[in-house]
Amino acid sequence: MRSYLFKTTWQTIVTVVLASFLLFVAISFLPGDPLRGLFGFRRPDPDVLADLHAQFHMDEPLLKQYFLYMTDLFRGDLGRSLPEDLAGTITSGPPISSILGSAIPTSLVIVGGALVVQVILAPIIALVGGMKPHSRLDRNVHAWATLAVAFPVIVSTYLLQAVFGRWIPILPPTWMFDQTWQNYVIPIVALGVSLAAYAGLVARSEMQDVLKRSYIKMARASGIPPWRVVAIHAVRPSIGPVLRLTAANISALITGLLIVEITYQAPGFGNMIYNAIKTQDRSLLLTSLLIVLILVILVNRSADIIHATIDPRVRLEG
């Protein structure tokens, strides 16, 4: 297990460095000069524009820019966003750390709630398919889960908003997001149900495949209660692929977060990325996407380690 952990850690570090460099290059080559765009239709003073480029290290070679950015990042300096007002002396915008600090709590509540929905619904879908395969209940649950997966998050958000925000007005409309718990219901349900249905369908399929194996048939023939066969002997071999799917779906979770926050006007991390794209704030966009990139890599590596802990065959293959 030690050698597996060492190999996984080394691969993670190399992946983060290469992926962060590619992300930095991709954002650096976006068309247009974001600093020139701050002046609008006015002709910028060449000295002022040169000072701005120097302030954001945009006058340095690309490799040096990346090195300076990563050095600041390792020191805990996330940099500053672009200035909003160029009148008077040249000043940079607010610290990116303060922008993240105000945006992340809202997103954590939505993501946390969506994960709770996933943890509750996905095992129900899987256990129903395992304990009562092809029964009327299983067929109904399977049909509902398939329908939930088929609906994109944006459609589910608008549908829930139309039903519970306008037709049956028991929840506040999108333009009144004021951090009360009622505002979080639709984003959490819209994001959580789709992910839970997808994970549940995969877990159901894996469990039904495991239940056909010979050792399960022997366990049943030995008189072990059906619930014990499913809950203990079938769940453990099925949990590995589901764990990996859940980890792989972290990118889909963040994409869905962006959609629900924009749709519901929630002041969270997804909405912050959207505003950074809209205003061409490359510093904020780069730092935000780098956080997403590192999060996706770490979650997937953590899932691999947990899977290896549960199933020794993964360690041997690794």
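The sequence shown stops at residue 362 when you use the working numbering, and every number in between is there. In this text, a Cβ means the ideal position worked out from N, Cα and C, and glycines have one as well.
Going by DSSP, what residue range makes up the alpha helix (DSSP H) through residue i?
| i | result |
| --- | --- |
| G300 | 294 to 308 |
| F313 | 313 to 322 |
| S125 | It is not in any alpha helix (DSSP H) - S125 carries neither H nor E in the DSSP assignment. |
| I232 | 225 to 254 |
| K261 | 258 to 265 |
| D95 | 90 to 99 |
| F118 | 106 to 118 |
| I198 | 197 to 206 |
| H186 | 180 to 194 |
For residue i and residue j, what's the separation of their Cα atoms in angstroms?
| i | j | result |
| --- | --- | --- |
| N315 | I268 | 52 Å |
| P339 | I298 | One point to set straight first is that residue 339 is Leu, not Pro, in the sequence displayed. Straight-line Cα distance between these residues: approximately 10 Å. |
| R210 | L203 | 10 Å |
| R326 | V274 | 51 Å |
| V69 | L342 | 22 Å |
| A63 | F50 | 20 Å |
| V233 | V58 | 37 Å |
| D121 | L112 | 11 Å |
| M102 | V199 | 41 Å |
| T133 | L239 | Bear in mind that a pLDDT of 48 at T133, under 50, signals an unreliable position, so the model cannot answer this. |
| A147 | V153 | 11 Å |
| A296 | P167 | 20 Å |
| T56 | N344 | 10 Å |
| A291 | L159 | 12 Å |
| A98 | P149 | 33 Å |
| Y242 | Q109 | 41 Å |
| A131 | L107 | Note that A131 scores a pLDDT of 47, beneath 50, so its modelled location is shaky; the value from the coordinates is reported in the next line. Computed Cα separation, rounded: 32 Å. |
| I169 | Q205 | 26 Å |
| Q309 | Y228 | 11 Å |
| A94 | V163 | 53 Å |
| N184 | V254 | 22 Å |
| I306 | P105 | 35 Å |
| R272 | S266 | 12 Å |
| R264 | G173 | 17 Å |
| I317 | L74 | 16 Å |
| L67 | V92 | 28 Å |
| T353 | Y259 | 22 Å |
| V161 | I321 | 30 Å |
| P90 | N319 | 28 Å |
| F208 | D182 | 28 Å |
| G362 | M262 | In this prediction, G362 scores a pLDDT of 49, lower than 50, which makes its location untrustworthy; no coordinate-derived value is stated. |
| P213 | R46 | 56 Å |
| D348 | W188 | 30 Å |
| F65 | R180 | 52 Å |
Select from the options the residue whose C-alpha is nearest the C-alpha of residue i.
| i | options | result |
| --- | --- | --- |
| Q226 | V69, I164, I148, L215 | L215 |
| G137 | T323, I349, V336 | T323 |
| R248 | Y228, K261, G236, L289 | L289 |
| V246 | H186, V155, Y308 | H186 |
| S346 | R46, S47, T53 | T53 |
| P311 | S151, L67, E104, V172 | S151 |
| G123 | M262, T353, S332, Y308 | S332 |
| L165 | P139, G244, L337 | G244 |
| P139 | I212, L328, V254 | L328 |
| I230 | T353, M262, I303 | I303 |
| L171 | I306, L334, P270, F208 | P270 |
| K256 | P177, I317, Q309 | P177 |
| L96 | I335, F65, S125 | S125 |
| I350 | G300, L337, L287 | L287 |
| F313 | G173, L144, P75, L74 | L144 |
| V155 | T224, S179, S47, L235 | L235 |
| I294 | L337, G173, S72 | L337 |
| T190 | P213, V237, T201, R87 | V237 |
| S72 | L330, V207, G157 | L330 |
| L301 | I212, T201, M251 | T201 |
| N175 | I335, M251, I321 | Checking the displayed sequence, the identity of residue 175 turns out to be Met instead of Asn. Checking every option, the nearest Cα to that of M175 belongs to M251. |
| L334 | V60, R46, S47 | V60 |
DSSP beta-bridge partners for residue i?
| i | result |
| --- | --- |
| P139 | R124 |
Should residue i be listed as close to the ligand HEM, given that the test is whether its C-beta is under 8 Å from any heavy atom?
| i | result |
| --- | --- |
| L112 | Judged by which ligands are present, the structure shown has none, so any question about the ligand HEM falls away. |
Spell out a yes or no on whether the segment 104 to 118 and the segment 189 to 206 are touching, meaning 3 or more CB-CB pairs, one atom from each, closer than 8 Å.
no
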